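Everything in the sequence shown is counted per the working numbering, starting at 2 for the first residue and increasing by one.
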Amino acid sequence: MAASYDFPSDLLAGQEELHQVRAELSALLKRLPWSVEPLDGFSDDNGWRKVERPASPGWTEDEQAEVEKLRRREHELAVFITTHRFWAEITAPDRVEARTSLKHAQGA
Numbered sequence: 002m003a004a005s006y007d008f009p010s011d012l013l014a015g016q017e018e019l020h021q022v023r024a025e026l027s028a029l030l031k032r033l034p035w036s037v038e039p040l041d042g043f044s045d046d047n048g049w050r051k052v053e054r055p056a057s058p059g060w061t062e063d064e065q066a067e068v069e070k071l072r073r074r075e076h077e078l079a080v081f082i083t084t085h086r087f088w089a090e091i092t093a094p095d096r097v098e099a100r101t102s103l104k105h106a107q108g109a
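Written out as structure tokens, the structure reads:
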């Protein structure tokens, strides 16, 4: 039976925001061209699988800034969550289970 943890509200809020930031970053990266810098398209079938890319116009300064902002926030939240005082209350063998439980505590 999995243990139940009484996560502090700021830790839950941080985890929820981390999920949101990662989802937003993932969606943004899927919309952007494959290359940050403008590059010609290419086709390569000499490897173990064929790789094709269309020409990339590159990312605009605004797009680069948005990606950087989201990556910076993702890093801040990851540091906040992993260094939270709550983890000192959990014995070392139980921290992995507790961390997993926090990751899935969305909407709790």
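Glycine is no exception: its CB is placed at the ideal position from the N, C-alpha and C atoms. Small disclaimer: the values here were computed from a predicted structure and weren't measured.
Selection from the options that minimises the alpha carbon distance to residue i
{"i": "Leu29", "options": "Trp49, Asp11, Val68, Ser10", "result": "Val68"}
{"i": "Thr84", "options": "Pro55, Asp11, Tyr6", "result": "Asp11"}
{"i": "Phe81", "options": "Ala99, Asp95, Leu19, Arg50", "result": "Leu19"}
{"i": "Pro34", "options": "Arg50, Pro55, Trp49", "result": "Pro55"}
C-beta atoms of residue i and residue j nearer than 8 Å
{"i": "Lys104", "j": "Gln21", "result": "no"}
Rounded C-alpha distance that separates residue i from residue j
{"i": "Thr61", "j": "Arg32", "result": "13 Å"}
{"i": "Ser44", "j": "Ala66", "result": "30 Å"}
{"i": "Asp7", "j": "Arg72", "result": "29 Å"}
{"i": "Pro9", "j": "Arg100", "result": "13 Å"}
{"i": "Asp46", "j": "Ser57", "result": "19 Å"}
{"i": "Glu77", "j": "Gly59", "result": "27 Å"}
{"i": "Pro94", "j": "Pro39", "result": "48 Å"}
{"i": "Ser5", "j": "Ser102", "result": "8 Å"}
{"i": "Arg74", "j": "Ala24", "result": "12 Å"}
{"i": "Leu26", "j": "Leu13", "result": "20 Å"}
Threshold first: 4 residues or longer. Then list the alpha helix (DSSP H) segments lying entirely within the segment 3–65, N to C.
You should have 10–32.
- Jot down the residue ranges of each uninterrupted alpha helix (DSSP H) in the segment 71–108, minimum 4 residues, whole runs only, in chain order. For secondary structure counted as the alpha helix (DSSP H) over 4 or more consecutive residues, the segment 71–108 holds these complete runs in sequence order: 93–104.
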